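First to last, the sequence lines map onto chains A and B. For the first sequence, the tail end lands on 264 under my numbering, and the numbers increase by one without skipping. For the second sequence, the tail end lands on 260 under my numbering, and the numbers increase by one without skipping. Think of the CB as a built atom: it goes at the ideal place given N, C-alpha and C, for glycine as much as any other residue. Nothing here was measured: the structure is a model prediction, and the numbers come from that model.
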Amino acid sequence: MKRKIFIILGVIFSLAGVFVFQYFYDQEARSFAAKKDQQPLVVNESTLKDFNFGLQAFLADYFWLQAIQYYGGWRDDQNFEKLTDYLNLTTELDPHFSYPYAFAALILPNEGQEAGYAIAEKGVERKIKDWHIPYYLAMAEFLYRKDKTAAARYFDLAATTEGAPASAQYVSAAFGSRPDNRQTVIAIWQTIYETSTDEIAKGRAEKYLVHFEIMNLLDRASVEFKKRSGAFPKVPEDLVKANILKALPTDPFGFEFKFGEDGIVVIKNNK
Amino acid sequence: MSAIFSIAKNTFKETLRSRIFYAILALAVIALFGTTIFASLSLGQEAKIVTDFGLAGIYLFSIIISIFLGANLIYKEIEQRTIYIILSKAITKTEFIVGKFFGLSATLLVANLIMAAVYLPIVWYFSGSFSWIALLAIGMQFLETLIFIALATLFSTFTSPVAGSVYTLLVFVIGHSTGILPKYAEKTSPIIEKLYLAVYYIFPNLEKFNIRLEAANGLSVPPMLIFFAGAYGLIFIALFLMIAAVALTAQDL
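Shown next, in the form of structure tokens:
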């Protein structure tokens, strides 16, 4: 009988002991994990590139999944340097893996992380054929760095990248097309046209200058139309009918135009 | 020729009876299906994840099978003295080695075909098209596996399975790291540089068979690179089998 009681007590105390140690272990592990998350990665990019035993693509994916998990487990004390490390490792191990570059441009600048631009620019330099990279980079340049020149360049790059949807081309053509912004954007493209030694960039700049000049012309003609008829035109064809323009100019990007209620020309998003 | 075929057929049947072969193969098939779980966590990069993880899985499991089965290939025959019976039947030691190699290669080919039959439809499902480059990557991996079988056969002629496995693993590690030698050679003295370069050219560079990065990103690989890598691999296989035949002949059996 005594032996049975001894065994039962032994089991109860053992279970209680397990419970207590499990509890304290979890407490300690949680604080350790939080500290670990704050530390930078110790894995060196070049070492991993040299010693990956043929598993470079696999490791790139592994770090990509780590980056997503890390970002997904958002906390107040999140260390974005670690996310940057993960994205750098991913793009170094598999330079053709396009989405991490775009992800860096989409997420990091919004968090005040300059490294996001560097990662995305690396993708642009490596000529990765994914329009998302320059597109997100253009947005970040425009929204956070307030650099309209860089934004215009990247929007244009996105629009000319293979596989870019019509909407990206529309955004690129419409970027800065409102009269209050148009002169600034014309000045940007004028600078690119005058300073660029790259024939492709020069050609693109020339197209944008013609595109915005057509919009200026239509705006001026719209004002003239109002003076004559008392109302703004609805479509550019009205200007030809009223003999204000002899013919409608052709947009170098193939866009068509219409007029808003305020008589200002806008691009028709019908590509 | 018929002697080689008989040895190969028997080795093939023998390895197919091995439980460890089925255990590893079953694990590989489960792992290939498991890649779909990782794919679901990849933020729209499912096709890439299943391609990469699947290729890495097929590659690693093929290496494991070739090392485990290859390390025992000749050693067991010598230990159990069955080699005496075989060699007494007008079969040369070279024929014995080559037959063993082809037998185990056939087993690995079956394993690769099974894994590819699971893997390629998964990739097709996620990417929406058949990935020829992934199939080519499996072919190149298989060629690398054949080098390991030849190497394991060689080690198996003169050392224990454990030691043979360790040596083969070392070649795996070094073979995938020789690419750094020319890079570091430039930073050393001219004599050390020549030594590094000699090691680089002589030691098997297994990265030549790695087109997994290209497969993952749907990039093309120049056919001449495949041709040179193929020729390079076949020469190493022939070399290791020749040394294995010489090593076995040198033994007083």
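N- and C-terminal bounds of the beta strand (DSSP E) containing residue i
i: ILE260(A); result: 258 to 260
i: PHE250(A); result: 250 to 252
Status (buried if at least 16 other CB within 10 Å, exposed otherwise) for residue i
i: ILE92(B); result: exposed
i: ASP236(A); result: A small correction: the amino acid at residue 236(A) is Asn; Asp does not occupy that position in the sequence shown. Under this definition ASN236(A) is an exposed residue.
i: VAL13(A); result: exposed
i: ILE100(A); result: buried
i: ARG146(A); result: buried
i: GLN15(A); result: exposed
i: TRP139(B); result: exposed
i: THR195(B); result: exposed
i: ILE199(B); result: exposed
i: TYR126(B); result: buried
i: THR184(A); result: exposed
Extent of the continuous alpha helix (DSSP H) to which residue i belongs
i: PHE235(B); result: 230 to 257
i: LEU238(A); result: No alpha helix (DSSP H) holds LEU238(A); DSSP gives it neither H nor E.
i: GLN59(A); result: 49 to 65
i: VAL178(A); result: 172 to 188
i: MET132(A); result: 125 to 133
i: PRO88(A); result: No alpha helix (DSSP H) contains PRO88(A), which DSSP labels as neither H nor E.
i: LEU136(A); result: Looking at the DSSP string, LEU136(A) is not in any alpha helix (DSSP H), and its letter there is neither H nor E.
i: SER269(A); result: This structure does not reach residue 269(A), given that chain A is present from -6 up to 264, and the question cannot be answered.
i: ASN17(B); result: 9 to 23
i: GLY114(B); result: Checking the sequence shown, residue 114(B) turns out to be Thr, not Gly. Its alpha helix (DSSP H) spans residues 100 to 134.
i: GLY225(B); result: Premise fails: GLY225(B) is in no alpha helix (DSSP H) and is neither H nor E.
i: LYS83(B); result: 82 to 86
i: GLU53(B); result: 53 to 77
i: ILE156(B); result: 139 to 163
i: ALA46(B); result: 26 to 46
i: THR175(B); result: 168 to 182
i: THR195(B); result: No alpha helix (DSSP H) holds THR195(B); DSSP gives it neither H nor E.
Proximal residues to residue i (C-beta, below 7 Å), its chain only, five neighbours per side dropped
i: ALA167(A); result: ILE260
i: ALA152(A); result: ALA161, GLN162, SER165
i: ALA46(B); result: GLU53, ILE56, VAL57, PHE133
i: ASP332(A); result: Any answer about residue 332(A) is impossible in this case: the structure gives chain A only from -6 up to 264.
i: THR18(B); result: GLY106, LYS107, GLY110, LEU111
i: ALA143(A); result: GLU134
Residues near residue i in its chain [Cβ-Cβ closer than 8 Å; skip 5 each side]
i: ALA26(A); result: none
i: ILE11(B); result: GLU102, VAL105, GLY106, PHE109
i: LEU263(B); result: Residue 263(B) is absent from the structure shown; chain B starts at 8 and stops at 260.
Cβ shell of residue i (< 6 Å), same chain only, five flanking positions each side left out
i: PHE179(B); result: none
i: ALA254(B); result: THR164, PHE165
i: PHE56(A); result: TYR79, LEU82, THR83
i: ALA38(B); result: GLY64
i: HIS125(A); result: ALA95
i: ALA170(B); result: none
i: ALA53(A); result: THR83, LEU86, ASP87, PHE90
i: TYR292(A); result: The requested residue 292(A) does not occur in the structure, where chain A is confined to residues -6 to 264.
Residue i beta carbon near the ligand FMN (any heavy atom closer than 7 Å)
i: ALA166(A); result: The ligand FMN is absent from the structure shown, which contains no ligand whatsoever.
Beta-carbon neighbours of residue i, restricted to chain E and to distances below 9 Å
i: PHE168(A); result: In the structure shown, chain E does not exist; the protein chains are A and B.
Would you call the stretch 220 to 236 of chain A in contact with the stretch 192 to 206 of chain A, where contact means no fewer than 3 C-beta pairs closer than 8 Å? No, the stretch 220 to 236 of chain A does not touch the stretch 192 to 206 of chain A.
Mind listing which residues of the stretch 37 to 52 of chain B have their C-beta closer than 8 Å to chain A's C-betas, in chain order? Result list: PHE45, LEU48, SER49, LEU50, GLY51, GLN52.
So if I threshold CB-CB distances at 8 Å, which residues from the stretch 43 to 61 of chain A count as touching chain B? When CB distances to chain B are screened at a threshold of 8 Å, the residues of the stretch 43 to 61 of chain A falling below it are ASP43, PHE44, ASN45, PHE46, GLY47, LEU48, GLN49, ALA50, PHE51, ALA53, ASP54, TRP57, LEU58, ILE61, in chain order.
By the 7 Å beta-carbon criterion, what residues does the stretch 127 to 161 of chain B contribute toward chain A? Cβ contacts with chain A come from no residue of the stretch 127 to 161 of chain B.
Quick one, which residues of the stretch 9 to 30 of chain A are near chain B if we go by CB-CB under 8 Å, in chain order? Hits within the stretch: zero.
At least 3 beta-carbon pairs within less than 8 Å: the stretch 64 to 80 of chain B vs the stretch 24 to 39 of chain B: Below 8 Å, enough C-beta pairs join the stretch 64 to 80 of chain B and the stretch 24 to 39 of chain B to call them touching: three or more.
Quick one, which residues of the stretch 204 to 221 of chain B are near chain A if we go by CB-CB under 7 Å, in chain order? Hits within the stretch, in order: LEU213, GLU214, ASN217, ARG219, LEU220.
Counting pairs of Cβ atoms below 8 Å between the stretch 172 to 190 of chain B and the stretch 35 to 54 of chain A, do you hit three or more? In short, these stretches touch, since the Cβ pair count reaches three.
Mind the definition here: the stretch 230 to 242 of chain B touches the stretch 81 to 97 of chain B only if three or more C-beta pairs lie below 8 Å; say whether that holds. With the rule of 3 Cβ pairs closer than 8 Å, the stretch 230 to 242 of chain B does not count as touching the stretch 81 to 97 of chain B.
Near-chain A residues of the stretch 168 to 185 of chain B (beta-carbon distance less than 9 Å), N- to C-terminal order: Listed by position along the chain: PHE179, VAL180, GLY182, HIS183, SER184.
Residues of the stretch 106 to 140 of chain A with a CB closer than 7 Å to any CB of chain B: list them in chain order, please. Taking 7 Å as the Cβ-Cβ cut-off against chain B, none of the residues of the stretch 106 to 140 of chain A qualify.
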